[in-house]
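To keep things clear, I will list the structure first and then write my remarks on it.
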Amino acid sequence: MPKINGNEIRPGSILDYDGGLWAVVKVNHVKPGKGGAFAQAEMKNIRDGRKLNERFRSEDKVEEVRLENRDQQFLYETDGRLVFMDPDSFEQIEIDAELLGERRPFLQDGMTATVQFYGEEALSVALPQKVTCRVVETEPVLNGQTAAKSFKPAILDNGVRIMVPPFIGTDEEIIVHTEFLEYSSRA
118 MPKINGNEIR PGSILDYDGG LWAVVKVNHV KPGKGGAFAQ AEMKNIRDGR KLNERFRSED
178 KVEEVRLENR DQQFLYETDG RLVFMDPDSF EQIEIDAELL GERRPFLQDG MTATVQFYGE
238 EALSVALPQK VTCRVVETEP VLNGQTAAKS FKPAILDNGV RIMVPPFIGT DEEIIVHTEF
298 LEYSSRA
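Going by this note's numbering, the residue at position 10 of the sequence shown is 127; the numbering climbs one at a time, nothing skipped.
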């Protein structure tokens, strides 16, 4: 299995760490003024559901598990489980919804996502990098606010709150980057 540096850990990565397989749910990259940069990773054990917060320095080496990627169509959620279907064989699989972490609201009905398998076991879901969402609530656009680069809070149709540029208004469709949970562009 290939080793990666601590600063290369991303949400959705699967790590062979401390005797188990861990799905990275959230990563916060920190570069303090004094000392070396590090990544604070929130991980969930794939087999038993335990959670672990671990700090990886940039120079730390961790083993990333290589998985087989298969496109699957999201059908529905039931009792905290996500149901996907293989578009070729029509076989259905269930995956724990918590593996998506903060990215769960961006999974839309009928969306094709990449499900990662370790052997025949489904381990994680990689969403498309960019998803179109509608702004349902934000502050009104005010003239003269666009001179400086600033952002304002907005609530999306999936309930997620992100920061958007001041020229974005209510009922506009925007593209959100799912890895960083941030505004990308207008749709």
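A virtual CB, placed ideally from N, CA and C, is assigned to each residue, including glycine.
CA-to-CA distance, Arg-183 to Leu-214, given in whole angstroms: Here the sequence assigns Ala to residue 214, which means Leu is not the residue at that position. Taking the straight line from one Cα to the other gives about 21 Å.
Reduced DSSP category for Asn-124 - H, G, I as helix; E, B as strand; rest coil: Helix at Asn-124.
C-beta contact flag for Gly-168 and Glu-159 at 8 Å: Looking at the sequence shown, residue 168 is not Gly but Lys. Cβ distance < 8 Å, so Lys-168 and Glu-159 count as in contact.
Residue range of the unbroken beta strand (DSSP E) whose run includes Arg-303: It spans 299-303 - the beta strand (DSSP E) in which Arg-303 sits, taken as one unbroken run.
C-beta contact flag for Val-232 and Phe-207 at 8 Å: Taking 8 Å as the cut-off, the beta carbon of Val-232 is found no closer than this to the beta carbon of Phe-207.
Under 8 Å between C-beta atoms of Gly-152 and Ser-175: Against a cut-off of 8 Å, the Cβ pair of Ser-175 and Gly-152 comes out as no contact.
Spatial distance of Asn-124 from Trp-139 (CA atoms): For Asn-124 and Trp-139, the distance between alpha carbons rounds to 16 Å.
Under 8 Å between C-beta atoms of Ile-131 and Ser-241: Yes, these two residues count as a Cβ contact at 8 Å.
Pro-283 (DSSP reduced to helix, strand or coil): Annotated three-state conformation of Pro-283 is coil, per DSSP.
Distance CB(Ala-271)-CB(Val-293) smaller than 8 Å: Remark: C-beta atoms of Ala-271 and Val-293 do not approach each other more closely than 8 Å.
The beta strand (DSSP E) enclosing Asn-162, as first and last residue numbers: That run of the beta strand (DSSP E) goes 155-162.
Residue of Tyr-193, Lys-161, Gly-166, Ala-239 minimising C-alpha distance to Asp-226: Residue Tyr-193 holds the alpha-carbon nearest to the alpha-carbon of Asp-226 among Tyr-193, Lys-161, Gly-166, Ala-239.
Val-248 beta carbon less than 8 Å from that of Thr-295: Less than 8 Å separates the beta-carbon of Thr-295 from that of Val-248.
DSSP three-state assignment for Phe-191, whether helix, strand or coil: For Phe-191, the three-state secondary structure derived from DSSP is strand.
Pro-270 (DSSP reduced to helix, strand or coil): Three-state DSSP puts Pro-270 in a strand.
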